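Position one of the sequence shown corresponds to residue 81 (the working numbering), numbered consecutively onward. I have placed the structure first, in the form of structure tokens, so that the comments after it can refer back to it.
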Amino acid sequence: MSSKPILIVAGEPNSIFIEIFLKSLKTKNFKKAIILIASLKLLQLQMKKLNYRKNINVLKIDKLKNTKINNKSINLIDVKYNQKKPFQKLSKKSNPYIEASFNIAVKLIKNGFSDKLINGPISKKNFLNKNYLGITEFMTKKFKLDNYAMLIYNKKLSVCPITTHLPISSVAKKINKKIIINKITLINDFYKYKLGFKPKIAITGLNPHCESVKKYNEDEKIIAPAIKKLKRKIKIYGPYPADTVFLKNNRKNYDVIVGMYHDQVLGPMKTIFEYDAINITLGLPFIRISPDHGPNEKMLGKNISNPLSLIKAISFLDKN
């Protein structure tokens, strides 16, 4: 168990993240020190709007080595934010601020100051654009990794998509035996070494009912052979039809369900658990988590957003 502090990058400035961050601190006490990487200006504006100013103090950190960090205050690394008006629509104007925030976190991790990172949501359309499929790919690129996996984690059941934010028309082209073996090995190692047990993993087929009207069936040619090889060391089963593997009497037999594309497994996962899940990037030399929700700019400043996913994210790192 590492005693290093938890870094939290607030991410998109025009989002609900500051609100749920403040609610998380109010709801639960955390043992490990938490450092927020965000704009002091934006934080103060949100605290004023949500009436948190009287309850929480902010400790601005300029020199980490000479500052005693604890959770009696919000420990803040201030990031310059140039927009004149807060609570704006999502746009590319926020990109320099988001990039600067992530760069600070990456530097602190590479320097060994922390091995735990939580990031708030960002706009994939504006910040990532065509350069990255998601923040998972953005972070793994920062650490020059090609082998990684996105695990949506809940203690009862987790899911992992083999491909992430791809158009459906591109999914089949990106699936191969190697990528399946690599990602499932990462999942198995995470459970074994971080959580202390070997998980039971179910894997779905690509095609409806694991059948295809075409001569080439990916379930038979790619997925089944990958499973056969993995079975030597890993508790893996399938391929199963994606429309039945999530039925209550089926999913209870597994710790993880691996699907071939994003919504094949994230849709059922969010239906079952809603906000009670966190997004963990496997393969990084540290634990990176994001709450399982987006910026949700329509709810910005309304003080009605659910902080459960962020509470779960901080709690997970607080124990590990």
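We put the beta carbon where it would ideally sit given N, CA and C, even for glycine. In this text the structure is predicted, and so the values were computed from the model without any measurement.
With a threshold of 8 Å (Cβ to nearest heavy atom), would residue i be considered close to the ligand HEM?
i: residue 103; result: With respect to the ligand HEM, the structure shown offers nothing to examine, as it has no ligands at all.
Per DSSP, residue i is paired with what?
i: residue 240; result: 338
i: residue 371; result: 358
i: residue 229; result: 362
i: residue 317; result: 282
i: residue 158; result: 118
i: residue 140; result: 156
i: residue 197; result: 87 and 368
As a quick exercise: from the options, pick the residue whose alpha carbon is nearest that of residue i.
i: residue 344; options: 161, 360, 283 and 82; result: 283
i: residue 371; options: 83, 94 and 104; result: 104
i: residue 235; options: 85, 277 and 144; result: 277
i: residue 180; options: 160, 195, 173 and 169; result: 160
i: residue 326; options: 296, 248, 314 and 337; result: 337
i: residue 92; options: 352, 168 and 194; result: 168
i: residue 354; options: 340, 373 and 270; result: 373
i: residue 206; options: 222, 221, 316 and 175; result: 175
i: residue 315; options: 347, 280 and 170; result: 280
i: residue 251; options: 342, 352, 144 and 220; result: 342
i: residue 313; options: 288, 173, 266 and 291; result: 266
i: residue 120; options: 151, 255 and 155; result: 155
i: residue 232; options: 248, 339 and 173; result: 339
i: residue 263; options: 227, 249 and 298; result: 227
i: residue 324; options: 297, 253 and 288; result: 288
i: residue 173; options: 392, 208 and 151; result: 208
i: residue 246; options: 118, 211 and 290; result: 211
How long is the line joining the alpha carbons of residue i and residue j, rounded to whole angstroms?
i: residue 261; j: residue 90; result: 34 Å
i: residue 116; j: residue 386; result: 19 Å
i: residue 199; j: residue 293; result: 43 Å
i: residue 178; j: residue 138; result: 21 Å
i: residue 301; j: residue 320; result: 15 Å
i: residue 224; j: residue 202; result: 21 Å
i: residue 140; j: residue 390; result: 22 Å
i: residue 275; j: residue 242; result: 21 Å
i: residue 99; j: residue 259; result: 38 Å
i: residue 356; j: residue 109; result: 18 Å
i: residue 273; j: residue 257; result: 24 Å
i: residue 143; j: residue 383; result: 33 Å
i: residue 378; j: residue 130; result: 16 Å
i: residue 197; j: residue 268; result: 21 Å
i: residue 295; j: residue 317; result: 24 Å
i: residue 128; j: residue 297; result: 58 Å
i: residue 400; j: residue 204; result: 29 Å
i: residue 157; j: residue 346; result: 33 Å
i: residue 352; j: residue 217; result: 26 Å
i: residue 190; j: residue 82; result: 16 Å
i: residue 248; j: residue 255; result: 12 Å
i: residue 271; j: residue 162; result: 42 Å
i: residue 380; j: residue 153; result: 23 Å
i: residue 388; j: residue 395; result: 10 Å
i: residue 299; j: residue 253; result: 13 Å
i: residue 125; j: residue 151; result: 21 Å
i: residue 322; j: residue 122; result: 43 Å
i: residue 97; j: residue 290; result: 39 Å
i: residue 303; j: residue 392; result: 32 Å
i: residue 335; j: residue 192; result: 32 Å
i: residue 215; j: residue 118; result: 17 Å
i: residue 348; j: residue 221; result: 29 Å
Under 8 Å by Cβ, that's how I've got residue i and residue j pegged, so tell me the actual separation to the nearest angstrom.
i: residue 286; j: residue 244; result: Not really, about 15 Å apart at Cβ, beyond 8 Å.
i: residue 359; j: residue 95; result: About 15 Å separates the two Cβ atoms, so there is no contact after all.
i: residue 106; j: residue 398; result: Residue 106 to residue 398, Cβ: 16 Å. No contact.
i: residue 149; j: residue 113; result: 4 Å
i: residue 194; j: residue 84; result: 5 Å
i: residue 368; j: residue 219; result: 6 Å
i: residue 102; j: residue 132; result: 5 Å
Compare the C-beta of residue i against all C-beta atoms of chain B and say whether one is closer than 9 Å.
i: residue 274; result: Looking at the structure shown, chain B is missing, and only one protein chain is on hand.
Requested in this report: Could you say if the segment 82 to 97 and the segment 184 to 191 meet the contact criterion of at least three C-beta pairs nearer than 8 Å?
Outcome: yes
Query raised in the report: Would the segment 236 to 245 and the segment 317 to 335 be scored as touching if the rule is three or more Cβ pairs under 8 Å?
Result: Yes: the two stretches touch, three or more of their Cβ pairs being nearer than 8 Å.
Query raised in the report: If you pair each beta-carbon of the segment 296 to 314 with each one of the segment 360 to 379, do three or more pairs fall below 8 Å?
Result: no
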